[in-house]
Amino acid sequence: MHVQLAITCLGLAAAASSGCQSTQATSAEREAEGKQLLGNDKGLVVNRENPDIEVLDTTLIDGDGSDAVVVELKNTSDQAMANVPILIDVRDAKGKTVFKNDLAGLEPALTQIPLIAPGETFDWVNNQVLATGEPDSVKVKVGTSEETVGEDLPEVDVSDPKLQTDQVSGVEATGTAENKSDVEQEDITLYAVARKDGKIVAAGRGVLKRLQPNGEKAANYHIFFIGDPEGADITVTAPPSVLR
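Everything in the sequence shown is counted per the numbering used here, starting at 1 for the first residue and increasing by one.
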């Protein structure tokens with residue numbers, strides 16, 4: 001097995017105000033984002049596409065019970081962006097929509113790009129694609145975010161993933177994540193993508209509820225895959241969730 005690691009190494013933002021927020025935005029910023037993301041409480045709506053996020057490629061992965069979509073994105077600007085809305089429209093061979101991630105109540109990681117640094121290429125994964133037909137293609141619309149992101153960002157260090165098999169859930173990638181910043185991290189989404197001969201063959205997501213600051217205690221991550229990652233090169237990324 002060949003294992004390759006992609007680590008999100010981002011600089012630390014100094015907390016100038018008293019206390020650290022448990023989310024990336026203030027309540028006012030969240031409200032502004034909500035107005036853009038939610039249309040009449042019906043779910044995600046992208047009205048204005050982001051000119052600075054380029055969609056490089058999309059991949060559909062068949063799974064048992066649910067499928068996965070991987071969207072390879074690039075931030076072509078010189079500014080980091082956080083909580084960027086991303087709408088996927090999965091279609092069958094006749095062009096009919098069989099899935100959209102626009103339902104109200106979806107977790108943010110299934111409708112947003114948590115963080116993408118200037119010039120960064122990022123693999124966003126949705127592993128909860130419950131299609132009503134046979135998926136054949138994916139249309140992607142990336143919106144804009146109202147959130148202001150500083151130049152210096154927290155650093156989350158991810159160890160090399162190791163594959164092991166769970167008799168119930170299948171193949172998983174395991175490892176540790178460590179928060180190098182002095183900002184406590186909460187609800188971090190980890191993205192795992194497996195490539196073989198340059199082709200994406202498997203993908204998955206994992207979540208860590210909390211990472212203590214200053215590397216005080218590493219947390220174990222577990223990421224289950226849709227597709228078969230055996231023998232593939234695996235990248236794991238963990239964008240920080242709390243920026244200040």
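Idealized CB from N, CA, C, for every residue including glycine.
- By DSSP, does Leu110 sit in helix, in strand, or in coil? Leu110 falls in the helix class under three-state DSSP.
- Task: Could you pull the start and end residues of the beta strand (DSSP E) that Gly175 belongs to?
- Result: Unbroken beta strand (DSSP E) run through Gly175: Gly170 to Asn179.
- Looking only at DSSP bridge pairs, what is Arg91 linked to? Residue pairing by DSSP puts Arg91 in a beta bridge opposite Thr97 and Ser137.
- Item | As assigned by DSSP and simplified to three states, the class of Asn47 | Asn47 carries a coil assignment under DSSP once its states are collapsed to helix, strand and coil.
- Message: Three Cβ pairs or more, each shorter than 8 Å: is that satisfied between the region 115 to 134 and the region 68 to 77?
- Response: The region 115 to 134 makes contact with the region 68 to 77; the number of CB pairs closer than 8 Å reaches 3 or more.
- Message: Taking only three categories from DSSP, how would you classify Pro213?
- Response: Helix, per DSSP.
- Give the range of the beta strand (DSSP E) segment to which Arg244 is assigned. No residue range can be given for Arg244, since it is assigned to no beta strand (DSSP E) and is classified by DSSP as neither H nor E.
- Can you tell me which of Ala177, Glu146 and Leu130 puts its alpha carbon nearest to the alpha carbon of Val69? It is Leu130 whose Cα lies nearest to the Cα of Val69.
- Query: What residue from Lys217, Glu107 and Glu172 has the CA that sits closest to Ala203's CA?
  - Reply: Residue Glu172 holds the alpha-carbon nearest to the alpha-carbon of Ala203 among Lys217, Glu107 and Glu172.
- Query: Under 8 Å between the Cβ atoms of Val183 and Pro154?
  - Reply: Taking the C-beta atoms as reference points, Pro154 is found nearer than 8 Å to Val183.
- Task: Could you tell me which residues DSSP puts in a beta bridge with Gln167?
- Result: None, per the DSSP bridge assignment.
- Helix, strand or coil for Gly227, going by three-state DSSP, please let me know. DSSP places Gly227 in strand when its eight states are reduced to three.
- Message: For Asn83 and Val90, what's the separation of their Cα atoms in angstroms?
- Response: Whole-angstrom Cα-Cα distance: 22 Å.
- Query: In this structure, does DSSP put Thr189 in helix, strand or coil?
  - Reply: Three-state result, Thr189: strand.
- Smallest Cα separation from Ser241: which of Val55, Lys100, Pro108 and Asp92? Out of Val55, Lys100, Pro108 and Asp92, Pro108 has the C-alpha closest to the C-alpha of Ser241.
- Query: So what's Asp157 in DSSP terms, helix, strand or just coil?
  - Reply: Look at Asp157 here: in three-state DSSP terms it is strand.
- Query: With a Cβ-Cβ cutoff of 8 Å, do Glu134 and Asp102 count as a contact?
  - Reply: With contacts defined by Cβ atoms closer than 8 Å, Glu134 and Asp102 do not form a contacting pair.
- Select from Glu186, Glu178, Ala238 and Val138 the residue whose C-alpha is nearest the C-alpha of Ala219. The residue from Glu186, Glu178, Ala238 and Val138 with its alpha-carbon nearest to that of Ala219 is Glu178.
- Report the option in Phe122, Gly215 and Gly43 whose CA atom is closest to the CA atom of Gly105. Ranked by how close their Cα comes to the Cα of Gly105, the residues Phe122, Gly215 and Gly43 have Gly43 in first place.
- Item | Contact between the region 149 to 168 and the region 57 to 67 (3+ Cβ pairs under 8 Å) | The region 149 to 168 is not in contact with the region 57 to 67.
- Could you tell me how far apart the beta carbons of Asp123 and Thr235 are, in whole angstroms, since I believe they sit closer than 8 Å? At roughly 7 Å, the Cβ-Cβ gap stays under 8 Å, so Asp123 and Thr235 are in contact.
- Euclidean distance between Cα positions of Leu56 and Ile223: Cα to Cα, Leu56 sits roughly 24 Å from Ile223.
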